[in-house]
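From first to last, the protein sequence lines are chains A and B. Residues 1 to 280 in the working numbering are what the first sequence spells out, letter by letter. Residues 1001 to 1280 in the working numbering are what the second sequence spells out, letter by letter. Cβ coordinates follow ideal geometry from the N, Cα and C atoms, glycine included.
There are 2 protein chains.
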Amino acid sequence: MYDVIIIGSGPCGIATAIYLKRYGYNPIIIAKDNGALERATLIENYYGINSISGHDLALSGINQAKNLQIPIMSEEVIDVSIEKNFVVKTSNNSYEAKALMLAMGKSRAKNPLAQKFEGAGVSYCATCDGFFYRKKKIAIVGNGKYMLEELSVLKNLTNDILIFSDGKPLDVEVPYKTITDKIIDFKGDDSGLKEIVTKNDSYEIDGCFMAIGSMQGFSIASHIGIATNNENILVNSDYMTNIKGIFAGGDLIGGLLQVSKAVSDGANAALGIKKYLMSK
Amino acid sequence: MYDVIIIGSGPCGIATAIYLKRYGYNPIIIAKDNGALERATLIENYYGINSISGHDLALSGINQAKNLQIPIMSEEVIDVSIEKNFVVKTSNNSYEAKALMLAMGKSRAKNPLAQKFEGAGVSYCATCDGFFYRKKKIAIVGNGKYMLEELSVLKNLTNDILIFSDGKPLDVEVPYKTITDKIIDFKGDDSGLKEIVTKNDSYEIDGCFMAIGSMQGFSIASHIGIATNNENILVNSDYMTNIKGIFAGGDLIGGLLQVSKAVSDGANAALGIKKYLMSK
């Protein structure tokens, strides 16, 4: 049992962890990778560091947390649930904590081609929207354990399932037809999504569930009922979402998508979390 | 003529300058010293840097700005005025810009002993409050050119002036009685301040003007009519104060008094300033 589970090991997640640890709390970080920062070639606008690659900055942050004995698990989050406490299920384990901090950044896993059909055939949450596609032809876009988790919900609703790995290697085995070539378009009409077009073929479908990579912020938000606006998670001045005990910061809550802002969010969220834990 | 004058070379001021420069603008930084950061022994909670002295972090920031050819003037700000543009007068020069960014941190020059008489005998702005003490017995607490600037306003109102350097060496010459021993108390009653007590003596006075060190954020705010609340400068979501073209960030606007938050404020304020300059 931890005080706080922080999902994300980028600038916001690490900053939250450092502040919480120094406040005397017991945080754990869960993150599959270092997110968007990892892919930044060169950062030259972060105060105090003249020039550094995204990779090196991400590593510095992780080492800073490790120096404070903060556990960092490189695991894929596949489910988040609210029980007596908050439970985060990964591909390997299950973790429980009194508070939850979402800092996994903006879902770069979103397919921009699919955006126009969001809420009209494209969903990011099988538990939320699966029922609408009962006995229909469903596509799941994904290639790992999170896709399997979404599949485990959807397979009870229909037998007509196609898995699209979208050009990525399939990391898990599935007893369904799998299309591995890259998706080049999502087609439909005013009533919604009708067809997924890949490099080599096209497939008629009724609905499509996006489950690429780990469970993304937006999926978690939909899944547990966190209020969002324009794909940003809404937080109050304590960085708490509409669900008591769940906090968010960094790119996920919108604003300037910059390291400095994410770090500041993390420091501020840690203060909000401290207030919350003290009030319990 | 600059695009933006930034007062303060701490985390917020430097971050604002870096972002503005990279947006293609022409900022200048004016700062007498590196502020509160300079006095922080060790900083271990700033993302990306495991452990650094305040002095070294401040220097890194300044070098970062210098690498971008941003001019940094080590001068004391003694007056700020709003003309066609914004004019900042220092002990050596006068600078003009289309926008002004206040990032000089929280006034550590405030004397906590005097706090209880703020607005009741203690003032931070001769231009604002001098008139109330016409022909009365006035104290000015200060030891440098900013004190002289305040004196130049007050000497037209009364001849009865005492200068308190509050234990500091007097850096300028004044044709008034000067008390150099340390102030140990401000005394008065319900009607306000009555007496300044120093280590070796005590002095009856009617009013006291605080003008230690450079012109502090709070003094500038009072001086030009910037709205404040609980000694924090109020800003909107663009980090603009109630005066168009004047922005503020960092410790001056309150919130978490941390490097990360000041840096984030700087980045956000730069975006606000860019918006403002583009709209002109």
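So who's on the other strand from Phe86 (chain A), going by DSSP bridges?
A:Ile82, A:Ala97
Limits of the alpha helix (DSSP H) - the one that Ile1183 (chain B) falls within:
Here Ile1183 (chain B) belongs to no alpha helix (DSSP H); instead the beta strand (DSSP E) covers 1183-1189.
Per-residue contacts from Arg1022 (chain B) into chain A (C-beta, under 7 angstroms):
Asn45
Between which two residues does the beta strand (DSSP E) containing Ser1202 (chain B) stretch?
1202-1204
Same chain only: Cβ atoms within 8 angstroms of Thr1158 (chain B), ignoring 5 sequence neighbours per side
Tyr1133, Arg1134, Lys1135, Lys1136, Lys1137, Ile1138
Tyr1002 (chain B) lies in the alpha helix (DSSP H); which residues open and close that run?
Premise fails: Tyr1002 (chain B) lies in the beta strand (DSSP E), 1002-1007, not in any alpha helix (DSSP H).
Check whether chain A comes within 8 angstroms of Gly1048 (chain B), counting only Cβ atoms and requiring the distance to be less than that.
yes
By Cβ distance below 8 angstroms, which residues in the same chain neighbour Pro169 (chain A) in space, the five residues on each side in sequence not counted?
Asn143, Thr180
Would the stretch 259-268 of chain A count as touching the stretch 7-16 of chain A if we require 3 or more Cβ pairs under 8 angstroms?
yes
Does DSSP put Lys1137 (chain B) in a helix, in a strand, or in coil?
In the three-state DSSP reduction, Lys1137 (chain B) falls in the coil class, being neither helix nor strand.
Close beta carbons around Leu100 (chain A), own chain, < 6 angstroms, minus the five adjacent residues each side:
Ile5, Phe86, Ile246
The beta strand (DSSP E) with Cys208 (chain A) in it runs from where to where?
Taken as a continuous stretch (DSSP letters only), the beta strand (DSSP E) holding Cys208 (chain A) covers 207-210.
Selection of the stretch 1059-1086 of chain B by Cβ proximity to chain A, strictly under 8 angstroms:
Ser1060, Gly1061, Asn1063, Gln1064, Asn1067
The stretch 1244-1263 of chain B: which residues have C-beta closer than 9 angstroms to a C-beta of chain A, in chain order?
Gly1255, Leu1256, Gln1258, Val1259, Ser1260, Lys1261, Ala1262, Val1263
Using a Cβ-Cβ cutoff of less than 7 angstroms, which residues in the same chain neighbour Lys194 (chain A) once the five nearest sequence positions on both sides are dropped?
Only Lys187, Gly188, Glu204 meet the Cβ criterion.
I want to verify the contact list: residues of chain A whose CB lies under 8 angstroms from the CB of Pro1011 (chain B), in sequence order.
Tyr47, Gly48
Considering only their Cβ atoms, is the gap separating Gly1048 (chain B) from Tyr46 (chain A) smaller than 8 angstroms?
Going by C-beta atoms, Tyr46 (chain A) is nearer than 8 angstroms to Gly1048 (chain B).
Less than 8 angstroms between CB atoms is the rule here; does Leu234 (chain A) satisfy it with respect to chain B?
Output row for Leu234 (chain A): interface = no.
Are any of the Cβ atoms in chain A nearer than 8 angstroms to that of Ala1269 (chain B)?
no
Any idea what DSSP makes of Thr1198 (chain B), helix, strand or coil?
strand
Closest to Leu1068 (chain B) by CA distance: which of A:Ser51, A:Lys66, A:Leu37, A:Met104 is it?
With distances taken between CA atoms, Leu1068 (chain B) lies nearest to A:Ser51 out of A:Ser51, A:Lys66, A:Leu37, A:Met104.
Examine the Cβ distances between the stretch 1032-1040 of chain B and the stretch 241-256 of chain A and report whether three or more of them are shorter than 8 angstroms.
no
Among A:Glu76, A:Asn242, A:Ala97, which has the Cα closest to the Cα of Lys280 (chain A)?
A:Ala97
CB-CB under 6 angstroms to Glu1083 (chain B), same chain, minus the five flanking residues each way: which ones, in chain order?
Excluding positions up to five away in sequence, the list is empty.
Cβ of Ile1007 (chain B) less than 8 angstroms from any chain A Cβ?
no
When the cut-off is 8 angstroms and only beta carbons count, does Tyr19 (chain A) lie next to chain B?
yes
Taking Asn156 (chain A) as the reference, which of A:Gly130, A:Leu271, A:Phe164, A:Ala262 has the closest Cα?
A:Gly130
Could you confirm whether any beta carbon from chain A is found closer than 8 angstroms to the beta carbon of Ala1015 (chain B)?
Taking 8 angstroms as the CB threshold, Ala1015 (chain B) lines the interface with chain A.
Limits of the unbroken alpha helix (DSSP H) element including Pro27 (chain A)
From DSSP, Pro27 (chain A) is part of no alpha helix (DSSP H) but of the beta strand (DSSP E) over 27-30.
Considering only C-alpha positions, which residue in the set A:Ser191, A:Gln64, A:Ala126, A:Pro112 is nearest to Ala120 (chain A)?
Answer by Cα proximity: A:Ser191.
Candidates A:Val174, A:Thr127, A:Gly54: which alpha carbon is nearest Lys145 (chain A)'s?
A:Val174
Could you check which residue in A:Ser237, A:Leu59, A:Gly217, A:Leu256 has the C-alpha nearest to that of Tyr276 (chain A)?
A:Ser237
Nonlocal neighbours in the same chain, by C-beta distance under 7 angstroms from Glu76 (chain A), ignoring five residues either side
Lys32, Thr90, Ser91, Gly144, Lys145, Tyr146, Ser214
Once the 5 residues before and after Glu38 (chain A) are set aside, which same chain residues still bring their CB inside 8 angstroms of it?
The answer, listed in chain order, is Gly54, His55, Ala58.
Within 8 angstroms of any Cβ in chain B, is that where the Cβ of Leu57 (chain A) sits?
yes
Assuming Glu150 (chain A) and Phe209 (chain A) make a contact with CB atoms under 8 angstroms, what is their CB distance in whole Å?
5 angstroms
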